[in-house]
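In this note's numbering, each number is its position in the sequence shown, counted from 1, plus 2. Glycine included, C-beta positions come from ideal geometry on N, C-alpha and C. For clarity, every value in this text was computed on a predicted model and none was experimentally measured. Worksheet for the structure shown next.
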Amino acid sequence: MKQEYFIEAEAGQAFKMKKGQTVRVIDVEGEQVVDFVVYKDGDLTERIDPGVTMDALHSYKVAPGDILYSNKYHPIMTVVEDDVGVHDFFNPACRPEMYELLYNKKNHPSCYDNLSQALEPYGLSQPDQYYPFNIFMNTVVEDNGAMKVKRPLSKPGDSILLRAEMDLIVGVSACPCSESECNGYNCTPIKVEVE
């Protein structure tokens with residue numbers, strides 16, 4: 003049975019998945035980043051870890067067939083299909099303090115707050131920071147080490163399909179940053195399908 007979630011621009015959602023289920027994250031209008039975090043259902047100390055994933059894959063890029071790893075070096079999800087092929091493992095979730103530092107804006111909506119609110123009913127207390135798999139985020143690393151966030155390459159309807167490798171609690175946030183190229187200067191909704 004398919005579960006569908008339509009997540010408005012700048013909002014978040016959380017849900018559970020069983021091992022073997024798939025989740026499709028769909029960019030409805032194009033150029034929208036999705037902060038994506040997962041925790042092991044039954045052991046909230048185990049979560050998706052971008053750093054471990056890059057370490058295990060020896061790469062900061064993923065393709066269908068690649069495994070995403072937990073902080074305990076266990077397979078947590080597998081990439082099944084991917085229309086875009088450009089995502090981000092480097093950047094933590096945006097949070098109000100980031101908007102103050104970079105854009106001089108106070109009380110700005112953030113992925114940190116979206117994820118915290120969405121995950122609270124599942125017993126997750128607010129962490130120091132979320133380190134998500136940033137779906138559709140286009141971070142360019144230059145030869146001199148400089149990092150720049152460019153417009154996402156995702157077009158309307160583009161998606162990524164992931165398979166759960168353990169029972170999971172999933173949190174997603176439609177990133178609310180309209181101040182930079184991160185979301186093409188315009189925040190839009192996302193759709194999620196679990197089956």
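Item                                                                                                     : Value
Residue 15: first and last residue of the uninterrupted beta strand (DSSP E) it sits in                  : 14-19
Nearest neighbour of residue 93, chosen from 76, 145, 48 and 152 [CA to CA]                              : 152
Residue 21 to residue 183 span [Cα, whole Å]                                                             : 35 Å
Residue environment, residue 173, which counts as buried when at least 16 other CB atoms sit within 10 Å : buried
Anticipated Cβ contact below 8 Å, residue 164 with residue 80, distance rounded                          : 7 Å
Backbone secondary structure at residue 180 - three-state DSSP                                           : coil
C-beta atoms of residue 117 and residue 14 nearer than 7 Å                                               : yes
Cross-strand partners of residue 164 (DSSP beta bridge)                                                  : 25 and 81
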